[in-house]
Amino acid sequence: MMLFLFILAVPLGPGGGVLSAAESSLISVEEAMSQFVSGGLAYKEGDYDRAIKEYEEILKGGRESGTLYYNLGNSYFRKKDYGRAILNYERARRLIPRDSDLNFNYYYALAQAGADRRRGELNFFRKMMASHVLFYTLDEMILISAGLSFLIAVVHLASLYLRGSRRIRRSILGALSVFLIFYLFGSVVKMESRRNSAVAVANSEAKFEPRDEATTYFSVKAGTKIKILKTQEAWAKIRREDGKMGWVPQKVFEYI
Amino acid sequence: MRVKALFVGQYRKIFWIGLGFWFLLLRAGGAQDIGFYAEVDRKSVGLGSTIQLTFTLEGTQEIVSLPLTEIDNFDIRYLGPTTRVSIVNGRYSSSKSFVYSLFPLKTGRLTIPSVAIHVSGKTYTTDPLEIEVTDTSARLPAGTAPAPSPAQPETSRLEDKIFLVLEVPQKEIYLYQKVPVRVILYVTDLTVTDIHFPELKQIGIDVGKLDRPKQYQQIMQGVRYQVVEFNMAVYPTRTGDLTLGPVNLECNIIVRTSSRGSPGVRGPSSIFDDDFFDAFFDRQEKRPVTLRSQEAVLHVLPLPEEGKPQNFSGAVGQFNFDVSASPLEVNAGDPITLRMNVHGDGNLKAVQLPALSSLQGFKIYDPQVKEEEQAKTLEQVVIPNSSEIKDIPAIEFFYFDPGLKKYQTISRGPFPIRVRKAEDREGLKIVGGEKQLDIVEPEVVGQDIIFIKDSPGTFYLMGRHVCHDSRFYTVIVIGVGVWIALYAFYQRTHKMETDVVYARRLLAPKEAGKGLRQAARLKALNQKGEFYTALFKTLQQYLGNKLHLSSGAVTFATVQPRLSGCIEPAVLEELKHIFEECDAVRYAPAALDETAMSGSYERVQKIIDYLERHLR
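Chains A and B supply the protein sequences, listed in that same order.
In this text, residue positions in the first sequence follow our numbering: the first is 1, and each later residue adds one.
In this text, residue positions in the second sequence follow our numbering: the first is 1001, and each later residue adds one.
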C-alpha cells in the first residue's frame, strides 16, 4: 500500500498534466514527418539554414523526437554554432540517451566548443547514479518503477493466497523494493537535474552583479551546461557545474 | 574447617622436620674433610677416541668451576658438573664432580697436569695423570704380535690423520689473471662427516665460484688417505705480494667414547676393561673441528704498459671473440642485431665487450649482456638511417695473454649490409622477441560529427511524458483498486478462518434469516408447536452467535446480564416475554390462533433487527 502511495507521490515534473500552449497549433505526425524529410534534404544539400528552419518548424508545431534534435544539433554544428548544437544534443539525450551517434557528436561538439565541463571528482555512488540516470529516459524510469510496483503487488498477493514461505516472500519483496527505490530515486534525480537546466548558446561573462558594469567573475563558453537559479529582469543568476555562480544576460542561454 | 586445620598442622610438621634435617646436613658438612681428586675413565686410549676426565671435590660445594681451559696435546671439552650427597650410618658426605672430555691429539704417553684450587684459604691439588695413547691404525687383532714397521712413525698425531692443504700452482701472476686454486682435505683412520665448504676471504683477491668437490683416495708415504678436493679460481685485484689463506674448513670427526662408569666404581682391573667389552660398550659422538690450511703468497705483477691498446678494458686470459650481424638486408630504419660473444679462460666477470656507443649513420640502442659459465654475450640493436650505408665497421676486442705476456687483438668485420630505401618499408618489427609483432604506425584519421539520421523515430507531443498521460494514472488507480480489493478480501477470509467470534457474529443474521423463513413456513402450515420451537431456536442461535455462547445454553437468564447494558429495557422486556411465550407453548401447548403466532413472529423479527443494529 505504501509503495503505491509513493508511486502516486512522484513529482510529475514541469507542465505535468497540462497541455502546452503549442497544442492549439499542433501539427500532425504526417506533417512533422514531411518537414523532417525536407530538413534532411536541405542538410544533405549543405543548406543548413533551411534545414534548421524545417526542423524548428516541427518543434513549433508541438512535436519532438530525439532524432529531430540530433539532426538539428548537426545542422547548428555545421554552421559552427556549437552552443546551439550542444543545446539540441542535450535535448536529444533526454529522449534517446543510449544513441551512440548522438553521444559521439555531443562529446565531439563539446570538445570543439571548448565548453566547461568541470564537474569534479565523483564518488562511486554518484558515478553509479549518474550512469544510471543517463542510461534511461524519464519515461522509461517511471514505467520501470510502475512495473516494479505492479510486480511487488502481484508477489505480495500471490504469497498471501498461495501461502508461500514468509522468508522467500520477504526476500523477493525486499529485492524488488530495493530496485524500486533505486529507480524512483533515479527518476527524482533526473527530474531535478533537468529542472532549470540550460545551455549557454554564446560566449559570455558571468558577473558578480546583474549589470553590465559589474566585475566579471568567470567566463561562460558556448555549450556550457548551467543551472538557472533565478532571474531578474534581463539577467539570470547561474551556477556552473563546478559550483561557481554569477549573473549572465538571459539572452546567452536557452533552457534544455 | 577441621580438615583444613588438620592439613595445615601436617604441613607445619613437615616443614620443621625438613628444616631440622638440613640444619643437620649443614653441621655435618661443616665437619667433613675436603678432598680434591682427578681420575680418568681409562688409562689407555686409541688416537681418535676420547677419554673422560673427572675432577671430584669432596666435602664442599663452594667451587663453581675449575681453572682448566686447555691441556697440552688434548682437545678438551667441558661436559658439566655432577653433585652427590650421601648419609651412611648418620655420616653425611657430599661431593661435586667436574667432567671433561679429552680428545688426544697425538700418540704416546701424555700427561694430564695437576690442577690446583683454593678453598677456605687452603690449596688443594690433584695428582698428574699419565695416559697411554696408542695408534689405532697400528692395532692388530688380539693374539697377533705387532710387526715392526719402518714406515710407521714413532708418534702419531691427529694432524697427521686429518689435515687441509692449500695448493696454488702458480705464484707469480699478473693482475686480474685467473689463478686456479685447490683446497684438499686429507683424512685417514678417521670418520669425518658434515664437511663444510672451505672459507677463503682475502682483501685484494676476488674469489670465484667453488666447483663441486671431488672425492678420491690417495696414498702418500705409504698411507692411504681419503681426499676431498675443492677447486676454485681466484683473481688478484691489486699488485704486489698478496697472502692467500689460511683456508678454514669445518667438519665433524666421529670419535669413540666410553659409556661406562668411572674406574673407581668397578676397580682398576675389571674384566670389562677388555677390548671386547670396549668395542661392545663404546659409543660414538661427533666432535666438531676446524681445520686450517697453510698460507700461500702470490706475487702479483702489474699489466705491462708496453703495447697496451687504447681501448683495453681489462680482459686477462686466453679468449676467443665472435661477432655476427643479422639481418644483413634491411630497409632504412629497420633494426640489425649485433651479437658479440667472448669465451675462453680468464676473468670473464671483468671482461667488457666492445659495445658500440656511436656509429655514424646508425642509431644505436643500449646493449644487453648475458653472462654464462665460460662465455659472455652481448646483443646490441643498431638501425641504419639511410640506404647509403654499406657495412657495419669492424669490431675489435683486446685482451692480455699472461702466457704470451703480451696484448692480443681480435678483429671481426666489417659486415657488409644492404639497406633499402625507407619507402619500401611495411612496418616496424621488434627483433629478438619470441614472436615478431608488427607495429603499425598510428593511422591519422579524420574527426567529425556523425551524419544526420533519416528516420525521425517516434514523434512525441512537446514536453509530454508518460506521467502526463491520463491512461497511465487510470492503470495505476485500477491497479491500486484491485490490489486493495484482493487484499481486503484476503483479510476478511483469513479472519473468518481464524477468528471464530468474528465469524459467528458475521453469520448470525444470515442464519437468523434462515430460521425465520423456516418459522414462517411452519406458521403457514399452522403447526403451532413446531413454529414456536423454530422461533425459539432461531432466537437462541442468533443470540448464541452474537454473544459467542453455546446455542443450547442460551436462555433469557444467561443473556440478560450481557444485554442489560447494551439495549433498551423495553427490548429486553420484550425478549423476556418472547422467551416465556415460546417456553409456554413448547411445554404446555395453549390455544393460540394464527394472529398470536404472527405477533410472536414479528416480535422476534423486530428484536433481531434491533439487536443487529445496536449489538456490536
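The C-beta atom is built at its ideal place from N, Cα and C for all residues, glycine as well.
Quick caveat: nothing in here was measured; it's all calculated off a predicted structure.
First and last residue of the uninterrupted beta strand (DSSP E) at residue i
i	result
V1369(B)	Q1368 to E1371
R1077(B)	F1074 to V1088
P1288(B)	R1283 to R1292
Q232(A)	K225 to Q232
E205(A)	S204 to K207
V1381(B)	A1375 to P1384
A1116(B)	A1116 to V1119
A198(A)	S197 to A200
A1038(B)	G1035 to V1040
R1224(B)	V1223 to P1236
E1046(B)	Residue identity check: residue 1046(B) is Gly in the sequence provided, not Glu. Counting along the chain, the beta strand (DSSP E) containing G1046(B) begins and ends at S1044 to G1046.
Span of the alpha helix (DSSP H) around residue i
i	result
A42(A)	V29 to E45
L179(A)	Checking the sequence, you will find Phe at residue 179(A) rather than Leu. Residues R166 to R194.
K1405(B)	No alpha helix (DSSP H) contains K1405(B), which DSSP labels as neither H nor E.
L1298(B)	Taken as a continuous stretch (DSSP letters only), L1298(B) belongs to no alpha helix (DSSP H), being part of the beta strand (DSSP E) at A1296 to L1301.
G1513(B)	V1500 to A1524
E949(B)	Outside the displayed range of chain B (1001 to 1616) lies residue 949(B), so it cannot be described from this structure.
I86(A)	Y82 to L95
S25(A)	First-last for S25(A): undefined, no H or E at that position.
V1316(B)	Premise fails: V1316(B) is in no alpha helix (DSSP H) and is neither H nor E.
Cβ pair residue i, residue j closer than 8 Å
i	j	result
F1103(B)	P1081(B)	no
Q1215(B)	Y1225(B)	no
S1564(B)	L1575(B)	no
P1236(B)	Q1170(B)	no
V1168(B)	P1198(B)	no
F1400(B)	L1242(B)	no
S1044(B)	T1134(B)	yes
Y70(A)	Y89(A)	yes
T1126(B)	F1055(B)	yes
A1332(B)	P1384(B)	yes
I1364(B)	D1391(B)	no
G1361(B)	G1317(B)	no
L1164(B)	L1249(B)	yes
K1376(B)	L1404(B)	no
D1189(B)	K1209(B)	no
Q1541(B)	G1513(B)	no
F179(A)	L134(A)	no
Exposure label - residue i; buried when at least 16 CB within 10 Å
i	result
A965(B)	Nothing can be reported for residue 965(B): it is not among the residues displayed for chain B, which extend from 1001 to 1616.
S1411(B)	exposed
I1112(B)	buried
R166(A)	exposed
E1602(B)	exposed
E1581(B)	buried
R1464(B)	buried
S1598(B)	exposed
H1494(B)	exposed
F1489(B)	exposed
D1194(B)	exposed
H1614(B)	exposed
Y161(A)	exposed
N1320(B)	exposed
G66(A)	buried
H1299(B)	exposed
L1006(B)	The predicted position of L1006(B) is uncertain, since its pLDDT is 44 and thus under 50; a value taken from the coordinates is nonetheless stated next. L1006(B) should be labelled exposed.
Contact test: residue i Cβ vs the ligand PLP heavy atom, cutoff 7 Å
i	result
D47(A)	Because no ligand of any kind appears in the structure shown, any question about the ligand PLP cannot be addressed here.
Residues of the region 1456–1478 of chain B with a CB closer than 7 Å to any CB of chain A: list them in chain order, please. P1456, G1457, T1458, F1459, Y1460, L1461, M1462, G1463, H1465, V1466, C1467, H1468 and I1476
Residues of the region 208–228 of chain A whose Cβ lies closer than 7 Å to any Cβ of chain B, in chain order: none
Short-range partners of chain A found in the region 1496–1525 of chain B, where Cβ spacing is below 8 Å: Going along the region 1496–1525 of chain B in chain order, one finds no residue with a Cβ nearer than 8 Å to chain A.
Quick one: complete beta strand (DSSP E) runs, 3+ long, within the region 1156–1220 of chain B? Within the region 1156–1220 of chain B, the complete beta strand (DSSP E) runs of at least 3 residues are 1162–1167, 1172–1174, 1179–1187, 1191–1193, 1205–1207 and 1214–1220.
Cβ-based contacts, 7 Å cut-off: residues of the region 61–74 of chain A near chain B: G62, R63, E64, S65, G66, T67, L68, Y70, N71 and N74
Closer than 8 Å, Cβ to any Cβ of chain B: which residues of the region 136–147 of chain A, in chain order? L138, D139, I142, L143 and A146
Of the residues that make up the region 23–47 of chain A, which ones have a beta carbon closer than 9 Å to any beta carbon in chain B? Taking a C-beta cut-off of 9 Å against chain B, the contacting residues of the region 23–47 of chain A are E23, L26, V29, A32, M33, F36, V37, G39, G40, Y43 and K44, listed in chain order.
Taking only runs that begin and end inside the region 120–166 of chain A, name each unbroken alpha helix (DSSP H) of 4 or more residues, in chain order. 124–135 and 138–161
Can you check the region 230–254 of chain A for any beta strand (DSSP E) of at least 3 residues that lies completely inside it and give the ranges in chain order? 235–240 and 245–249
Scan the region 80–110 of chain A for residues whose Cβ lies nearer than 8 Å to a Cβ of chain B and list them as they occur along the chain. L95, I96, D101, F104, N105, Y108 and A109
Which of the residues in the region 148–173 of chain A, read from start to end, lie with their CB under 7 Å from any CB of chain B? F150, A153, L157, L160 and Y161
Tell me the start and end of each unbroken alpha helix (DSSP H) in the region 53–79 of chain A that is at least 4 residues and wholly inside, in chain order. List check, alpha helix (DSSP H) in window: 66–78.
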